[in-house]
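Everything in the sequence shown is counted per my numbering, starting at 358 for the first residue and increasing by one. What follows is a single structure, written as structure tokens, with notes after it.
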Amino acid sequence: MPASLEHRIATELNVAERQVAAAIRLIDEGATVPFIARYRKEVTGGLDDTQLRHLDDRLGYMRELDDRRASILESIDSQGKLDPALRAQIEAADTKQRLEDLYLPYKPKRRTKAQIAREAGLAPLADALLSDPGLDPEAVAKDYLNPDAGIEDTKAALDGARQILVEQFSEDAQLLDTLRAYLSDHGRVVSKVVDGQETAGAKFRDWFDFAEALNAIPSHRFLALLRGRNEGVLRLSIELPEVPEPGQLGPCEGRIARHFGIRNEGRPADRWLLDTARWAWTVKLSVHLELELMNAARERAEEEAIAVFARNLKDLLLAAPAGPRATLGLDPGLRTGVKVAVVDNTGKLLETATIYPHEPRRDWDGSLATLARLVKTHGVDLIAIGNGTASRETDKLAAELVGHMADARLTKVMVSEAGASVYSASQLAADEFPDLDVSLRGAVSIARRLQDPLAELVKIDPKSIGVGQYQHDVNQSRLARMLDAVVEDCVNAVGVDVNTASAALLTRISGLNRTLAENIVAHRDAHGAFADRKALKAVPRLGDKTFEQAAGFLRVMNGSNPLDASAVHPEAYPVVERILADLKRNVREIMGDSKAIKALDPRRYADETFGEPTVRDILQELDKPGRDPRPAFKTASFKDGVDKLTDLAEGMMLEGVVTNVTNFGAFVDVGVHQDGLVHVSMLADRFVKDPHTVVKAGDVVKVKVLEVDVQRKRISLTMRMDATPERKRNEARRDNGAPAARQKRGDDRSKGREPAGSMAAALSRALRK
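Here it is as structure tokens:
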């Protein structure tokens, strides 16, 4: 029997089997990952959300694997071919690929040439020649002529026998494993331009004659190659570096021959058998394995690209909020004007306007007057400026406003408007602002995302936020599941105010769905603010199970019970009551009293229901009630006079905001409408394998301009202040060249394939398409 699910997953996660068993039980009972990670630490032994997400993912895979295993066993058994040895192999198979390899000889298939040859009685001929190479193929074949079955001469008989052996070779699971491993270790991805596509496919010119080791090619490069193939520009193949001498077997052909004991010893059937091994590789196995390995490499690349997107999205969602401050949002534009929206400290829309400070109207003074009036009327603290078209010109307008209204102590911030237009045209926005023009909804979104990025960005499809890497080339359902999980984890890590949160935000809370979220908002609108968490049970369809999953992540601010504003789950309130009884103080007195709380021994309050980990969480929450895991708010200052690409110069020192992090580096907004790239080799004064270990989306960083290509709109930046353009090119070649590729003819120019001296020529082209 195969090892249990719990054992297999525990081995992968390097945790105890009992932890996995407990987590699986909770998942099967309907518990969410955020709930299990936060409130069931004793049950799972402290598995965190990352481990639980992996566990949940692998649980689905392995259950599918076991279902497929049972189906295969049943199929082979029904054929009367399931012996104990085969059963043991199938039960020991730990991947879907291994299962399918073992099933291949028994899998019902359409009528093949090998089956036709068997029906013609040629199987004994094939077996005889393989087992005894001393036989003369021509002589033996004469005994198997069968004109009624189309076997009229020895050539037809030997061709049929070869088809039988080729099928036998191609269905041998052990041989497939051997060949697959060899190709994975030694194969190279080779890319050539399709004849006649040199001009139309110029953006892929860096890969017109390219090769790199299959086991070393980075995900972003492989996805770029696949995009080139999908657009009909590139031809891709997997090739081996070894070129056999004429008449000699190649490395894979030789492995086929050795696996079946085929050798060239001058015996009558040796040459025929060696040709059969060569034929099996050329016609059957090479095609099958190349397709399989290409698909496997694509899946790995997609998984990595999805992981990059997920990390960037998490960083963006957990970016520092400016907080509950009245904010003026500006959605820049030229001919159509700058859209303006003012929201109060809760995000409620107060007033909108459209101003025309730029071409063609150039109503600069009138625009300043309108903005000044809005600031005074509504007590604005913050100005959020979208970073799209005319953003720097609008930023100048805001800067002048700040200068004129020094007493207002205004702070202006450039805000990413990625996805704002998607939100503006969505049904959600239409429901929220039915009477507001679509163009003005974007200004509202820009203002709110400065106040609280998480609360606003959850209203937008994560794929539209623009922090992905080849996001349109990956499995879209897998991407959606991963991004939804990230959003869920982020929202629950922060928690939401149930009396102000939108239905979109509430939908992401553990245990809730769209219907329940809308019911909460409707109940709030009809009956007023929730006084405490218990009041949530009056919401239609919000039962005990849902309350258990959601309550700890829903906050009731300034309610009747201070604990309702914290992350302490209502089920654990009795623990707090025991603590208060010992201290002889009420909850309002103890919350925030670090000295008193740190003097408590968590073990004193642990019991069979609430163990020490939960008690520690409770004490931390009492110490800093409602603590926000997000960082403190800070802004970047763009350099005055640097508004467009042509204003940049080599050596210029700038401050910017990281907008996207990929495997090959980080894109940084320095205020010129075109993000610059800090190549991975330029991120730090040390070797950096993963850019995410140095920067994340939303970080404010200091950079130096290395190169500017105005024609192609590319900016090369560095966070290493000692770097120069030439040094950058040299280090990128050294750090990122592909050794296997450099062995191939013409690959000298692929040493610096990563965006180095060419400033990410191909990669950023493909990414930004």
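All C-beta atoms in this analysis are idealised placements derived from N, C-alpha and C, irrespective of residue type, glycine included.
Check                                                                                                                                                                                 : Outcome
Contact between the stretch 371-385 and the stretch 832-845 is defined here as three or more beta-carbon pairs at a separation below 8 Å; is this criterion met?                      : no
Who are the near neighbours of I817 in its chain, counting only those whose CB is closer than 7 Å to its CB and skipping five residues on each side?                                  : G776, V779, Y780
So, with DSSP's three-state summary, where would you put K816?                                                                                                                        : coil
Could you round the C-beta distance between I803 and V772 to whole angstroms and report it? I think they count as a contact, below 8 Å.                                               : 5 Å
Skipping 5 residues on each side, what residues in its chain have a beta carbon closer than 8 Å to that of A1118?                                                                     : Residue placement at A1118 is poorly supported in this model, since its pLDDT is 37, which falls under 50; the coordinates are not used for a value here.
Closer than 6 Å by C-beta to D921: which residues in its own chain qualify, once you throw out the five before and the five after it? Chain order, please.                            : D889, R890, V913
Which residues in the same chain have their Cβ closer than 7 Å to the Cβ of A850, if we skip the five residues on either side of it in sequence?                                      : P986
What number of angstroms, rounded off, separates the C-alpha of A1138 from the C-alpha of K733?                                                                                       : This structure cannot speak to residue 1138, because the chain is shown only from 358 to 1126.
Rounded to whole angstroms, what's the CA-CA distance from K705 to R682? Just pull it up for me.                                                                                      : 11 Å
What does DSSP give as the partner residues of I1072 in its beta bridges?                                                                                                             : V1065
Give the secondary structure of M839 by DSSP, where H, G and I count as helix, E and B as strand, and everything else as coil.                                                        : helix
Kindly identify the DSSP beta-bridge partner or partners of A1023.                                                                                                                    : V1018, V1035
Pull up the DSSP beta-bridge partners for K696, would you.                                                                                                                            : D688, T711
Round the Cβ separation of V1037 and V1045 to the nearest angstrom and send it over; I've been treating them as touching at under 8 Å.                                                : 5 Å
Buried or exposed, going by whether 16 or more other CB atoms sit within 10 Å of the CB of T469?                                                                                      : exposed
For R320 and G607, what's the separation of their Cα atoms in angstroms?                                                                                                              : Shown here, the chain extends from 358 to 1126; a query on residue 320 therefore has no answer.
State the start and end residues of the unbroken alpha helix (DSSP H) segment that holds S781.                                                                                        : 777-781
Taking R668 and H1049 to be in contact with their CB atoms under 8 Å, please state how far apart those CB atoms are, rounded to whole angstroms.                                      : 5 Å
Count the other C-beta atoms from every protein chain shown that fall within 10 angstroms of the C-beta of D510, then say buried if there are 16 or more, exposed otherwise.          : exposed
I'd like to confirm the pairing. Which residues does DSSP put opposite R592 in its beta bridges?                                                                                      : K549
For V770 versus L739, is the C-beta spacing smaller than 9 Å?                                                                                                                         : yes
So who's on the other strand from E569, going by DSSP bridges?                                                                                                                        : V546
Please work out which residues of its chain come closer than 7 Å, Cβ to Cβ, to G900, disregarding the five sequence neighbours upstream and downstream, and give them in chain order. : none
Can you say whether K398 is buried or exposed, counting buried as having 16 or more other CB atoms within 10 angstroms of its CB?                                                     : buried
From S594 to A800, what does the alpha carbon distance come to, in whole angstroms?                                                                                                   : 49 Å
Suppose you measure from the CA of A741 to the CA of K1059; what does that come to, to the nearest Å?                                                                                 : 21 Å
Name the DSSP bridge partner or partners of M1078?                                                                                                                                    : None, per the DSSP bridge assignment.
Does the structure place the stretch 422-432 close enough to the stretch 446-463 that three or more beta carbon pairs sit under 8 Å?                                                  : yes
Would you call the CB atoms of Y501 and L482 closer than 9 Å?                                                                                                                         : yes
Using the C-alpha atoms, what's the distance from L646 back to A634?                                                                                                                  : 15 Å
R945 to L937, Cα distance in whole Å?                                                                                                                                                 : 10 Å
Look at the alpha carbon of L571 and the alpha carbon of T746, and state the distance between them as a whole number of angstroms.                                                    : 41 Å
Suppose the cutoff is 7 Å on Cβ atoms and the five residues either side in sequence are ignored; what does the same chain contact list for D830 look like?                            : L580, L583, R584
Could you pull out every residue in the same chain whose Cβ sits closer than 6 Å to the Cβ of A394, ignoring the five residues on either side in sequence?                            : D405, D406, L409
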